[in-house]
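Going down the list, the sequences are from chains G and P.
Residue numbers for the first sequence follow my numbering, so the first one is 564 and each next one is one higher.
Residue numbers for the second sequence follow my numbering, so the first one is 73 and each next one is one higher.
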Amino acid sequence: MDAETRRRQLVAAINRVAGGDRAALRLVYSETSAKLFGVCLRILGDRSEAEDVLQDVYLTVWRKAASFDEAIASPITWLVAIARNRSIDRLRSGAASRAHAPIEAAAEIPDAGLSALERLEIGEDQARLKDCLQELEERQSAVIRSAFLDGFTYEELAERNRVPLGTMKSWIRRGLLKLRACLER
Amino acid sequence: MSDEDTIGAGDRQDLTAAEYVLGVLAPEERRRAEFRIASEPRFAAEVSYWEARLGPLAERIPAVAPPYTVWDGIEARLSASMQAPSAQGGIWQSLAFWRTFAIASAALATASLAGLVYLAQVPSLGPPLLAQLNAESGQASFVAAVNKGGDSLTIVPAALLTGDQQKAFELWLIPPGDKPHSLGLIDPTKPVRITVPETLLPQVNRDAVLAVSLEPPGGSPTGQPTGPVIANGKLASL
Numbered sequence: 564m565d566a567e568t569r570r571r572q573l574v575a576a577i578n579r580v581a582g583g584d585r586a587a588l589r590l591v592y593s594e595t596s597a598k599l600f601g602v603c604l605r606i607l608g609d610r611s612e613a614e615d616v617l618q619d620v621y622l623t624v625w626r627k628a629a630s631f632d633e634a635i636a637s638p639i640t641w642l643v644a645i646a647r648n649r650s651i652d653r654l655r656s657g658a659a660s661r662a663h664a665p666i667e668a669a670a671e672i673p674d675a676g677l678s679a680l681e682r683l684e685i686g687e688d689q690a691r692l693k694d695c696l697q698e699l700e701e702r703q704s705a706v707i708r709s710a711f712l713d714g715f716t717y718e719e720l721a722e723r724n725r726v727p728l729g730t731m732k733s734w735i736r737r738g739l740l741k742l743r744a745c746l747e748r
Numbered sequence: 073m074s075d076e077d078t079i080g081a082g083d084r085q086d087l088t089a090a091e092y093v094l095g096v097l098a099p100e101e102r103r104r105a106e107f108r109i110a111s112e113p114r115f116a117a118e119v120s121y122w123e124a125r126l127g128p129l130a131e132r133i134p135a136v137a138p139p140y141t142v143w144d145g146i147e148a149r150l151s152a153s154m155q156a157p158s159a160q161g162g163i164w165q166s167l168a169f170w171r172t173f174a175i176a177s178a179a180l181a182t183a184s185l186a187g188l189v190y191l192a193q194v195p196s197l198g199p200p201l202l203a204q205l206n207a208e209s210g211q212a213s214f215v216a217a218v219n220k221g222g223d224s225l226t227i228v229p230a231a232l233l234t235g236d237q238q239k240a241f242e243l244w245l246i247p248p249g250d251k252p253h254s255l256g257l258i259d260p261t262k263p264v265r266i267t268v269p270e271t272l273l274p275q276v277n278r279d280a281v282l283a284v285s286l287e288p289p290g291g292s293p294t295g296q297p298t299g300p301v302i303a304n305g306k307l308a309s310l
């Protein structure tokens, strides 16, 4: 089965979940849970918290499936956004204690082999984002990546990079503006 | 070329949506952004825009197979939320309890805190879900507690609110990343028990936000908050 077929099946499965089909949720889970668990684990840094949040993620998928719009987001983008948001919410609620690798390590994660599904889905967008991030100053792209991947707040990023809060906000905001300009070219 | 050269005055745009997606906002700012997602379609569209643009960064995160117990947990929680929880009597549904609680609370300056301490001493009730709804000033305006069966909650005013006769007070449940769902009108002068609609039962859990907005008499005509939010707070277990 090729990647496009699998992507279409995932879209169809999410649409069936919207109709209350639990078998379809199971299918979405088996296709995507390893990816989303990786996302939760990365942000929360704690296995048992990540397992708990992963349950929340699929319960959120269960009740929000009707709001999934293929025209706005690919299924993986939509699912990853839910996983990141739930993980960040848990982190901010103070329930999770942060057990994180240092920020320097964050930038060093080797590109994991993409699944065929991911490659198809994000191939073009991925390449574009990579190009645009490269146009940013090194420190800008590093903190943007780190914020996204680790769920750090402005304050935490400022602390970890030993710069004032205002400087960190300015790095990221300028980076985001440049990124948007580049992505829209 | 320095950064300063590339950012003109015209570029001072609202980047809140991007900052929300990136996850850098402080908790209160994040909550405000969630509210905007729910109430401003344009802002929600901007969030979707950035989710699609930044989403590919997640490609760098390696997949990790979760233990099979996670799926078991999901199934169990789905089944639990689908059974209409049986209405159980007891202290959580007792208006007398809430009256006593409210009076006791009102007698103390730190009304809600006292309430929390009191609740903590009630034996054998399992950890209740509670929320302290604060005004923007940080002052506690309401305290809400989910009853034991999970299918209703009681909301108690924790401060004397100057009642505007022209306005209705509407209570909203906002699951993380979701839009507000109305739980109905409340009375700012006395404890009110609200039955949670069955469709919303799975959303009544930790991390969901309760908010109170001022609406026209009879409640919001649109199904979404139309007036100012006067208090909000997150549900948490004791």
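From the three backbone atoms N, C-alpha and C, an ideal C-beta is built for every residue, glycine too.
Using only the alpha-carbon positions, how far apart do residue i and residue j sit?
i	j	result
alanine 597 (chain G)	alanine 116 (chain P)	28 Å
threonine 623 (chain G)	alanine 216 (chain P)	23 Å
serine 292 (chain P)	glutamate 91 (chain P)	30 Å
tyrosine 140 (chain P)	alanine 148 (chain P)	13 Å
arginine 579 (chain G)	aspartate 632 (chain G)	13 Å
leucine 282 (chain P)	isoleucine 246 (chain P)	6 Å
leucine 692 (chain G)	serine 254 (chain P)	39 Å
alanine 308 (chain P)	glutamate 698 (chain G)	43 Å
leucine 97 (chain P)	arginine 736 (chain G)	12 Å
proline 99 (chain P)	glycine 221 (chain P)	30 Å
proline 263 (chain P)	tryptophan 244 (chain P)	16 Å
Any heavy atom of the ligand PLP closer than 6 Å to the beta-carbon of residue i?
i	result
lysine 693 (chain G)	As for the ligand PLP, it is missing from this structure, which has no ligand bound.
Quick check on residue i - is its C-beta less than 7 Å from some C-beta in chain P?
i	result
phenylalanine 711 (chain G)	yes
isoleucine 577 (chain G)	no
valine 750 (chain G)	Outside the displayed range of chain G (564 to 748) lies residue 750 (chain G), so it cannot be described from this structure.
alanine 636 (chain G)	yes
threonine 730 (chain G)	no
valine 616 (chain G)	no
valine 620 (chain G)	no
arginine 569 (chain G)	no
serine 704 (chain G)	no
aspartate 688 (chain G)	yes
Would you verify that the beta carbon of residue i is, or is not, closer than 7 Å to some beta carbon of chain G?
i	result
leucine 201 (chain P)	no
glutamate 100 (chain P)	no
glutamate 131 (chain P)	yes
leucine 94 (chain P)	yes
valine 136 (chain P)	yes
alanine 89 (chain P)	no
In the DSSP assignment, find the unbroken beta strand (DSSP E) run with residue i in it and report its ends.
i	result
glutamate 287 (chain P)	281-287
serine 292 (chain P)	No beta strand (DSSP E) contains serine 292 (chain P), which DSSP labels as neither H nor E.
isoleucine 302 (chain P)	301-306
phenylalanine 214 (chain P)	212-218
proline 311 (chain P)	Residue 311 (chain P) lies beyond the stretch modelled for chain P, which goes from 73 to 310, so this question has no answer here.
arginine 265 (chain P)	264-267
Where do the N-terminal and C-terminal ends of the alpha helix (DSSP H) with residue i fall, by residue?
i	result
serine 650 (chain G)	638-655
glutamate 242 (chain P)	Where glutamate 242 (chain P) is concerned, there is no enclosing alpha helix (DSSP H), although the beta strand (DSSP E) it sits in stretches over 240-246.
asparagine 724 (chain G)	717-724
glutamine 204 (chain P)	No alpha helix (DSSP H) holds glutamine 204 (chain P); the beta strand (DSSP E) holding it covers 201-206.
Between the Cα of residue i and those of the options, spot the shortest distance and give me the residue it belongs to.
i	options	result
alanine 636 (chain G)	P:Pro113, P:Thr226, P:Phe241, P:Pro128	P:Pro128
alanine 135 (chain P)	G:Asp565, G:Ala575, G:Ser593	G:Ser593
glycine 145 (chain P)	G:Gly729, G:Ala646, G:Asp615, G:Trp734	G:Asp615
What residues in the segment 589-614 of chain G bring their beta carbon closer than 7 Å to a beta carbon of chain P?
-> Tyr592, Ser596, Ala597, Lys598, Phe600, Gly601, Val602, Leu604, Arg605, Glu614
Residues of the segment 111-126 of chain P whose Cβ lies closer than 7 Å to any Cβ of chain G, in chain order = Ser120, Glu123, Ala124, Arg125, Leu126
If contact means a Cβ-Cβ distance below 7 Å, which residues of the segment 237-260 of chain P contact chain G?
-> Pro248, Gly249, Asp250
Interface residues of the segment 642-654 of chain G facing chain P [CB-CB below 8 Å] | Val643, Ala644, Ile645, Arg647, Asn648, Arg649, Ile651, Asp652, Arg653
Between the segment 712-728 of chain G and chain P, which residues of the former have a C-beta closer than 9 Å to a C-beta of the latter?
-> Identification of residues in the segment 712-728 of chain G having a C-beta nearer than 9 Å to some C-beta of chain P yields Leu712, Asp713, Gly714, Phe715, Thr716, Tyr717, Glu718, Glu719, Leu720, given in sequence order.
Members of the segment 689-701 of chain G that neighbour chain P once the beta carbon cut-off is set at 7 Å | Considering only beta carbons, the part of the segment 689-701 of chain G lying closer than 7 Å to chain P consists of Gln689, Leu692, in chain order.
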